[in-house]
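A.B. asks:
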Amino acid sequence: MSNPLFDLTGQVALVTGTSRGLGQYFARALANAGADLILTSRKLETLALFEAEMKALGRCVVSLELDVRDEASIRSMAAEAETAFGQIHILVNNAGCNVRKPAVDVTWDDWNLVLDTNLRGSFFVAQSVARGMIHHGYGRIINIGSVTSVAGYAGLGPYTASRGGIRQLTMSLAADWGKHGITVNCLAPGWFKTAQNRVMYEDEGWVEYLVERIPLKRPGQPNDLDGAIVFLASESSRYVTGQTLLVDGGISTGALRATVSQKEKK
Ligand SMILES: NC(=O)c1ccc[n+]([C@@H]2O[C@H](COP(=O)([O-])OP(=O)(O)OC[C@H]3O[C@@H](n4cnc5c(N)ncnc54)[C@H](OP(=O)(O)O)[C@@H]3O)[C@@H](O)[C@H]2O)c1
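Right, dumping it as C-alpha cells:
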C-alpha cells in the first residue's frame with residue numbers, strides 16, 4: 001500500500017514544458033505517485049509519445065498548447081485545464097530556456113527571451129492557476145529554480161537573474177497565498193544533462209571540471225529529482241512554504257578544495 005503522505009491519487013498536476021527534459025521527469029514522478037496530468041508545449045504534436053506513456057500508467061492526461069511568453073496563451077491554457085479537470089491541485093512551473101554567452105555579448109533580445117520565459121512566464125502561469133486554487137482553498141505550486149538561484153556562474157547572466165528572481169518570487173507568492181491553503185516552493189536542480197545543456201556534456205574536460213566540484217561526484221540523473229518533486233507536491237510538505245530545495249549533489253556548497261592535492265605535494 002502506498003504511503004498516504006506521498007500519495008497523489010485523485011490529484012491533478014499541471015507541469016509546464018513537458019515535451020522533453022526535466023518537465024518529463026517531474027510529470028513521470030508525479031504520475032507514478034498517482035497524479036493525473038496536464039502536459040504542455042508550444043507544439044502539441046511533441047507531446048504525443050509522452051502522453052501515451054503516461055496514459056499507459058493508467059492516468060488521465062490532457063495535453064495543451066502553451067507559450068509562456070504570450071499572456072493570451074497562458075489564460076486560455078489555464079481555462080482549458082480547469083474545464084478538463086475542474087480543479088488543479090499541483091502546478092510545476094518548469095518551462096524555461098537559457099542563453100549562454102559572456103555578459104558583454106548578451107543582447108537586449110537575449111535578456112528579454114530568458115527573463116520573459118523563466119520569470120514573467122512563471123509568475124503569470126502561477127497567477128492564472130492560483131485563482132482556481134484560491135477558490136478551492138488548496139494548492140501546491142512548485143517553481144523550478146536552479147543552483148543559479150543561489151550562486152553565480154560565468155556566462156549565465158540573464159539565466160542567473162531569472163533563477164534568483166524565481167527564488168524571491170517563490171517567497172513572495174508563499175506569503176501572498178498561504179492563507180488560501182496554497183504552498184509555494186522552489187525546487188532547484190543542479191546539473192542534469194538535457195537538450196538545454198547537451199553541448200556542455202560533449203566537452204569531456206568540462207564534465208571533469210564539473211564533477212570535481214560536485215561533492216557527490218556525478219551530474220544529476222533523471223530520477224534524482226523524483227523524491228523532491230513528490231515531497232513538495234504532496235501532503236508530506238504541508239507545513240513547508242516559501243522554501244528553495246536544492247537537489248544538486250551538493251555543488252551549491254561551493255565545494256572547492258582547501259587542502260593541497262597529492263600532485264601538488266610531490
Ligand atoms: N537541465 C538542467 O540541468 C537544469 C538545471 C536547473 C534548472 N533547469 C530548469 O528546468 C527547466 C527544464 O529544463 P530542461 O533542461 O529540461 O530544458 P529543455 O530540455 O530545454 O526543455 C525546456 C522545456 O520548456 C519549454 N519551453 C521553453 N520555452 C517555452 C515557452 N516560451 N513557452 C512554453 N514552454 C516553453 C519547452 O517546450 P516546447 O519547446 O515544446 O514549447 C520544453 O519542454 C528549465 O526551466 C530549466 O531552466 C534545468
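In terms of UniProt numbering, the sequence shown has 128 at position 128, counting the first letter as 1, and numbering is strictly consecutive. Glycine is no exception: its CB is placed at the ideal position from the N, C-alpha and C atoms.
#1: Rounded to a whole number of angstroms, what is the C-alpha to C-alpha distance between residue 108 and residue 114?
#2: What residues match up with residue 85 in a beta bridge as DSSP calls it?
#3: If you drop the 5 nearest sequence neighbours on each side, which residues of the same chain put their C-beta closer than 7 Å to that of residue 153?
#4: Would you decide whether residue 132 is buried or exposed? Buried here means 16 or more other CB atoms lie within 10 Å of its CB.
#5: To the nearest angstrom, report how far apart residue 62 and residue 170 are at their CA atoms.
#6: Touching or not, the stretch 242 to 262 and the stretch 205 to 214, by the rule of three or more beta carbon pairs under 8 Å?
#7: Where does residue 165 fall in DSSP's three states?
#8: Would you report the Cα separation of residue 75 and residue 15, rounded to the nearest angstrom?
#9: Count the other CB atoms within 10 Å of the CB of residue 129; is the residue buried (16 or more) or exposed (fewer)?
#10: From residue 137 to residue 34, what distance separates their C-alpha atoms?
#11: Do you know offhand how far residue 262's Cα is from residue 218's?
#12: Here's the rule: buried if 16 or more other CB atoms are within 10 angstroms of the residue's CB, otherwise exposed. What is residue 239?
#13: Taking 6 Å as the line, does the beta carbon of residue 192 fall inside it for any heavy atom of ligand 1?
C.D. replies: Let me spell this out:
#1: 10 Å
#2: BP columns for residue 85 are empty, so no partner.
#3: 160
#4: buried
#5: 26 Å
#6: yes
#7: helix
#8: 15 Å
#9: buried
#10: 21 Å
#11: 22 Å
#12: exposed
#13: yes
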